[in-house]
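The numbering used here numbers the first residue of the sequence shown as 2 and each following residue consecutively. Ideal Cβ positions, reconstructed from N, Cα and C, are used throughout, including at glycine. Below is one structure, written out as structure tokens; the observations come after it.
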Amino acid sequence: MITVRAAADRGRSSTGWLHSAHSFSFGSYFDLRHQGHGNLLVLNDDTMAPGQGFGSHGHRNMEIVSYVLSGALAHQDNLPQRSPADGSAPAPTPPTGILRPGDVQRMSAGWGVQHSEFNALQDQDTHFLQIWFKPLFTGIRPSYEQKHFPAADRRGRLVRLASRKGVDGSLSMNADATFWAGLFDGDAETATQALDPLRLAYVHVAQGSVQVNGVPLAAGDGALLEDENQLTLQHGTGANVLVFDLARR
Numbered sequence: 002m003i004t005v006r007a008a009a010d011r012g013r014s015s016t017g018w019l020h021s022a023h024s025f026s027f028g029s030y031f032d033l034r035h036q037g038h039g040n041l042l043v044l045n046d047d048t049m050a051p052g053q054g055f056g057s058h059g060h061r062n063m064e065i066v067s068y069v070l071s072g073a074l075a076h077q078d079n080l081p082q083r084s085p086a087d088g089s090a091p092a093p094t095p096p097t098g099i100l101r102p103g104d105v106q107r108m109s110a111g112w113g114v115q116h117s118e119f120n121a122l123q124d125q126d127t128h129f130l131q132i133w134f135k136p137l138f139t140g141i142r143p144s145y146e147q148k149h150f151p152a153a154d155r156r157g158r159l160v161r162l163a164s165r166k167g168v169d170g171s172l173s174m175n176a177d178a179t180f181w182a183g184l185f186d187g188d189a190e191t192a193t194q195a196l197d198p199l200r201l202a203y204v205h206v207a208q209g210s211v212q213v214n215g216v217p218l219a220a221g222d223g224a225l226l227e228d229e230n231q232l233t234l235q236h237g238t239g240a241n242v243l244v245f246d247l248a249r250r
């Protein structure tokens with residue numbers, strides 16, 4: 002069974018400098034019909050104005066993944082840096098980083114972390130997805146991990162970005178979930194993937210358009226898959242697609 006979550010039906014919020022579309026209930030947007038899908042709790046499509054951002058704020062007991070579509074997202078938190086293996090001095094605290102297209106960051110909020118996020122650019126918007134998963138274990142030590150996944154590697158195929166045990170070079174996360182991303186343009190770029198019918202799957206089209214098991218989806222659309230054995234992505238037009246394998250809760 003495939004249920005389409007249309008982009009136009011998502012919740013919306015705006016602060017003037019941040020425009021967000023919420024695939025699932027978040028903040029002031031609440032909809033009993035859309036309370037996540039399995040252990041995927043939040044999928045926010047955010048566009049942040051130049052030089053603007055979230056000041057320092059706290060999270061706890063949540064797995065949070067940021068996926069940048071365009072622009073540059075600056076990150077800062079209060080986690081101490083570990084000393085490098087070569088014995089040199091650790092980097093300054095708090096750690097900082099900038100995410101650009103193709104970069105993925107996983108933050109395990111654990112027992113609590115303070116962090117901030119800003120558009121690192123002064124002349125253009127930054128467009129990114131913020132994705133929250135229910136953690137397997139609560140009260141763990143906070144941590145984060147960041148990795149770049151080149152567009153060439155994602156072209157015409159699904160690349161594993163994050164998983165429970167960091168399989169195939171993906172980021173490891175404290176959640177019973179895996180997610181992939183791929184870029185699809187033209188009829189020659191097609192991907193097929195087996196699905197476990199005992200679990201749930203979710204597809205989000207971040208950019209462009211694509212067919213999911215024959216169902217056409219456009220930018221911002223999602224597809225909730227249940228009791229499906231296979232996923233096929235085809236007939237993409239500038240499509241940037243995320244695919245999630247999820248525990249039922």
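query	result
Residues near methionine 108 in its chain [Cβ-Cβ closer than 6 Å; skip 5 each side]	Ile65, Tyr145
Straight-line gap, glutamate 190 to isoleucine 3 (C-alpha atoms, nearest Å)	22 Å
Contact between the segment 183-202 and the segment 229-245 (3+ Cβ pairs under 8 Å)	yes
Euclidean distance between Cα positions of asparagine 62 and histidine 76	19 Å
CA nearest to the CA of arginine 101, picked from Leu70, Glu118, Thr193	Leu70
Length of the line joining the Cα atoms of leucine 33 and leucine 41	15 Å
Where glutamine 82 sits in the DSSP three-state scheme	For glutamine 82, the pLDDT reaches just 49, beneath the cut-off of 50, and the residue's location in the model is therefore unreliable, although a value from the coordinates is still provided. In this structure, glutamine 82 counts as coil in the three-state DSSP scheme.
Touching by the beta-carbon criterion (3+ pairs, under 8 Å), the segment 107-125 and the segment 45-58	yes
The segment 123-131 touching the segment 43-52, judged by at least three CB pairs closer than 8 Å	yes
Where histidine 58 falls, given that 16 or more other Cβ within 10 Å makes a residue buried	exposed
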